[in-house]
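Participant: Chains as they are written, first to last, in this note's numbering: chain A, 761 to 1307; chain B, 1101 to 1424; chain C, 8 to 336. Built from N, CA and C at the ideal position, the CB exists for glycine as well.
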């Protein structure tokens, strides 16, 4: 078989204020016609840069590209403008991560696909439009002829990603380069898109180069895996071998850090006293005809020393619920009992005595720390508000806390931008601890982090919880992470808790069909199981279609 | 615990530590900004030292020199270039023979004082209104928003001209100009402050401050105000040249500074009748005004770029341009 | 859509009402006796009292304001001692100076302002937008640097300096054009155009600087967006990327700002009119201010306000029509 992609000694350097940064470092690989290869790595591994290099996207940007890249027989580095145009879209088509920003907001989706098609196939406008409708129909856009006249913002996230796939298909390329194609999507939509991609490739025999940080997504989709780190190859081989029996220690560490649905769970522990009791909590945003109910009739209980996982897709109301628990948002209705006392309707002033005992760890490590204040000052804030005036004692306590969360205590004066994402999350945890809380609500605390960092942060949270007897609420979209860290789990959908129970109950014998659907959509890190589950999903779809 | 093996690289964020130093470092590499700063510094020195320089030249602003103008030709100064001489370095005013050098310097004083004073009023009102709108409830925000909309929409010059009609003649004109320009021109600042406040308010670190038990005042002071400084300074740098032009325009229209107080705009207004006979009388104030406004604009632009982290990172990465 | 228009128009009406209250209060509370002003310098106290009576200045503030509103919506009568003068709706009062209806004055002066403004808009759209686009497309090259310099210089030049210099150069020294004096379009279209040429260029050049900046920045912003990358990655040519995709994103803000500018200039391009002696609204305002003719001043401010508020509604609609992402509610 002839290779469609041959990369030899690829090196890419970006000039960044004088000193060049080497994003890709002498990387070589080949991909045969019709096969699928995944570039897997954490942020900063250079995987997306490689994808761009395949289409010559670094040309003219000031980046220095060394080595050779041949795609479909075209030398990408030296190809003339005409050849480059033929390569882009005609030979190899790119599917980008964020489907909303990847399409022009001003034109109809069908017109955009037709425009690309005409660049490569020529022909009349009418023929190009017909082709656009044809591919949109192929990727499962219902009523494609009518929907092709819609603009991107009138599509849902999943539909937009389908439209991008349609654009990629339009010119019948021999290679699809997909850069984190499902990262912006919910897990159930992700499963649909991956299944669609799989089906399309089986039908057309198109080769695939998939760039992803998610080992599970790779396991679902490719034949071969190339693990990257710091711009270099760590290991490469058939997907079953690399993920099943990794040869390199980095791969092993990476795989060990990936939370999985069949991984270890927490030891069941003795329940402490109930800390927080929530009855029929409700929150409505807006008023009148524009009112939106974000949370409806949520009831749950949190005990000391326990972790309650709250899992749901985007828009399920999990963040709203979490913010109500610490009274950052006022509930519209229902009861919020803390230590037996109703705090849901207290005014800000009446709430003062309770404020510090209810803390939160936020999702975005960039937005959760004030960029203009040193991290020490941020951590010291709760202490100062509590009335600590003695500067020496205060600093001592902050140093203790920084040390406790695994940061260098001497970095009191450092500013947030000097820290990595994981370190910032640690600062956020230290700040929460400074208030000596009894309950900490963690809202997607690890979803912005790489898996190995994720594992470290969740481990830290568990350690602190055991030490301080905290009640933790762990909000996340990632079912595997929630399973790993929680004692009990609540599944949310459209503002309601559809199912609640111990980890064993919810994950072992899910009662609600939505929970089952969610679980079926989680990519498995084991390629064999992934195939099985894909079949299962297909049957499930037929089941749904029949019903 | 494996804290120090975090694999993610530090995330680039907003400028934080030593913002002023960072800004200076970025400004230093832009020659246009440095030249502008030097020009402005010189101008401020000249304006401040106007009485001293006048004494040095041996002239004052309001003495008529009938002997220096040719009454037969309607009052055109004798001699080349507006009658420039060792006694009158930049010549004299046509018609009256008053010393142009001293009058231009005093004009610079008025121009700078009014512009800076008006900017201070604008920023003060704008920040207060913007903060109140951003932090207040829907009702406050709504009312202030409408007021701001009206002020932004209406042409400032028309209102300013109209307002000067109702103020008694005796009211000190420079102060009047400061107040009129100041009270009509705060809307832009308040919009920026409001938008910035709303953005900041939704950020998690403000929520964290609430959770720590801080009251609204403490949160505003510690978390919001420091982040508002950059956009406000930037905007102030743009407001100063605008205000200089507004003052000159009002004086040009004859409703600004009243004679005999010299002002550039007013000189240009009289110059309308003289530009054929005495071009120097047009070119001197026009040139000064032009250079001043330009220098402020260039400097303001540079400050904006230096303070804007997005812009800065764009500069670092370089603009994407396709070769094909 | 039509609901949006209605809502915006209602809002506009409210803004104008608020403006009228504000302006009325400010001007009629102002120190100085309107009756004395209306009557003139040489009036004796008796005459002043008579004028005060005629103008209804003895009534309370509120009554006076209501009369003003009545005048705007239904018209009102003024007695000039011997006879009644009827002032048709929308009545903005009578000029102190000439006893003429302010509304009439405004209508007479409007064509001159409109001639100036519309002509200047053509200049700034062609030159400003053209310059902005060119400098966005030639970024990094010497063309861009030159254009940036010109734009900066344009931003730094007050319109009356630009006008004075142009007058000096074109009319006094080169003598290519006569010194402009306004000729109404209806009288002699050719002379109208020749005489307006310099004012158009002055105002147009002046505004061009702003439009060049706006166009450049919004084009560059669009070029930096992700969807541009998509089309490049699909082999769409650079020219097509720019003209079809980047330009499309750059146009809406230019249209919206143009509409607003046009509105506020209709209320009087005060400086340009004053410099070239164009008998437009701006000149009316200045004359009114100098003569302390309060009804004229209030009238011009209200007319300006109306144009501005309407222009804002139009700008919003145009923006929404051009940028289909905006949802009208």
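Output yes if chain B places a C-beta closer than 8 Å to the C-beta of residue 329 of chain C; else output no.
Facilitator: no
Participant: What are the uninterrupted segments assigned as alpha helix (DSSP H) that are 4 or more residues long and contained completely in the region 46-78 of chain C, given in chain order?
Facilitator: 52-62
Participant: So, at 7 Å on beta carbons, what are the nonlocal neighbours of residue 1116 of chain B in its own chain, with the 5 sequence-adjacent residues on each side left out?
Facilitator: Confidence at residue 1116 of chain B is low in this model, with a pLDDT of 43, below 50, so the placement of that residue should be treated as unreliable; the coordinate-derived value is given next. There are no such residues.
Participant: Got a sec, what are the start and stop residues for the beta strand (DSSP E) residue 997 of chain A sits in?
Facilitator: 992-998
Participant: Could you tell me which chain D residues have their CB closer than 7 Å to the CB of residue 1142 of chain A, listed as they occur along the chain?
Facilitator: The chain inventory of the structure shown lacks chain D, comprising the protein chains A, B and C.
Participant: Measuring only between beta-carbons, confirm whether residue 202 of chain C sits less than 8 Å from chain B.
Facilitator: no
Participant: Quick check on this structure: which residue in A:1158, A:980 and A:1078 has the alpha carbon closest to the alpha carbon of residue 952 of chain A?
Facilitator: Residue A:980 is the option with its Cα nearest to residue 952 of chain A.
Participant: Report the neighbours of residue 741 of chain A on chain C: residues whose CB is nearer than 7 Å to its CB, in chain order.
Facilitator: Since the first residue shown for chain A is 761 and the last is 1307, residue 741 of chain A is missing from the structure and cannot be characterised.
Participant: Which chain B residues are close to residue 81 of chain C, counting only those with a beta carbon under 8 Å from its beta carbon?
Facilitator: Per Cβ cutoff of 8 Å: no residues; residue 81 of chain C is ~25 Å from chain B at best.
Participant: Name the residue from A:1076, A:876, A:1124 and A:1105 whose alpha carbon lies nearest to the alpha carbon of residue 1093 of chain A.
Facilitator: A:1105
Participant: Got a sec, what are the start and stop residues for the alpha helix (DSSP H) residue 873 of chain A sits in?
Facilitator: From DSSP, the alpha helix (DSSP H) with residue 873 of chain A extends over 869-881.
Participant: Where DSSP assigns a beta bridge to residue 1396 of chain B, which residues make up the other side?
Facilitator: DSSP, once it has assigned bridges, lists no residue as partnering residue 1396 of chain B.
Participant: Using a 10 Å radius around the Cβ and a threshold of 16 neighbouring Cβ atoms, would you call residue 207 of chain C buried or exposed?
Facilitator: buried
Participant: According to DSSP, is residue 314 of chain C helix, strand or coil?
Facilitator: Helix, per DSSP.
Participant: Write down the C-beta distance between residue 1199 of chain B and residue 1161 of chain B rounded to the nearest angstrom, noting that I regard them as a contact closer than 8 Å.
Facilitator: 7 Å
Participant: Tell me the DSSP bridge mates of residue 187 of chain C?
Facilitator: In DSSP, residue 187 of chain C forms no bridge with anything.
Participant: Quick check on DSSP: helix, strand or coil for residue 1274 of chain A?
Facilitator: helix
Participant: Tell me the DSSP bridge mates of residue 834 of chain A?
Facilitator: Answer is A:831.
Participant: Enumerate in chain order the residues of its own chain whose CB-to-CB distance from residue 1204 of chain B is below 7 Å, with the five nearest sequence positions on each side excluded.
Facilitator: Taken in chain order, the residues that qualify are 1190, 1384, 1385 and 1388.
Participant: On the premise that residue 1142 of chain A lies in contact with residue 1331 of chain A, defined as a C-beta separation below 8 Å, what is that separation, rounded to the nearest angstrom?
Facilitator: Outside the displayed span of chain A (761 to 1307) sits residue 1331 of chain A, for which this structure offers no information.
Participant: What does residue 1095 of chain A pair with, by DSSP beta-bridge criteria?
Facilitator: A:1039
Participant: Quick one: does residue 256 of chain C have its CB under 8 Å from some CB of chain A?
Facilitator: yes
Participant: With burial defined as no fewer than 16 other Cβ atoms inside 10 Å of the residue's Cβ, what is the status of residue 1138 of chain B: buried or exposed?
Facilitator: Per the 10 Å Cβ criterion, exposed.
Participant: Buried or exposed: which applies to residue 1224 of chain B, given that a residue is buried once 16 or more other Cβ atoms fall within 10 Å of its Cβ?
Facilitator: exposed
Participant: Interface residues of chain B around residue 1119 of chain A at Cβ under 9 Å?
Facilitator: 1308, 1311 and 1312
Participant: Inspect the beta-carbon positions of residue 862 of chain A and residue 234 of chain C and report whether they are closer than 8 Å.
Facilitator: yes
Participant: So the candidates are B:1330, B:1370 and B:1327; which of them puts its Cα closest to the Cα of residue 1348 of chain B?
Facilitator: B:1370
Participant: Report yes if the CB atom of residue 1245 of chain A is closer than 8 Å to the CB atom of residue 1021 of chain A, and no otherwise.
Facilitator: no
Participant: Taking Cβ to Cβ, would you say residue 1278 of chain B is nearer than 8 Å to residue 1345 of chain B?
Facilitator: no
Participant: By DSSP, does residue 1051 of chain A sit in helix, in strand, or in coil?
Facilitator: coil
Participant: By how many angstroms is the C-alpha of residue 1236 of chain A removed from the C-alpha of residue 1069 of chain A?
Facilitator: 8 Å
Participant: For residue 898 of chain A, is the classification buried or exposed, using 16 other Cβ atoms within 10 angstroms of its Cβ as the cut-off for buried?
Facilitator: buried
Participant: Which value, in whole angstroms, describes the spacing of the CA atoms of residue 889 of chain A and residue 816 of chain A?
Facilitator: Counting only the Cα atoms, residue 816 of chain A lies some 28 Å from residue 889 of chain A.
Participant: Would a C-beta distance cut-off of 8 Å place residue 925 of chain A and residue 908 of chain A closer than the cut-off?
Facilitator: no
Participant: Quick check on residue 1331 of chain B - is its C-beta less than 8 Å from some C-beta in chain A?
Facilitator: no
Participant: Just the chain B side, please: which residues come within less than 9 Å of residue 128 of chain C by C-beta, in chain order?
Facilitator: Those do not exist, as residue 128 of chain C stays about 15 Å from chain B at its closest Cβ, beyond 9 Å.
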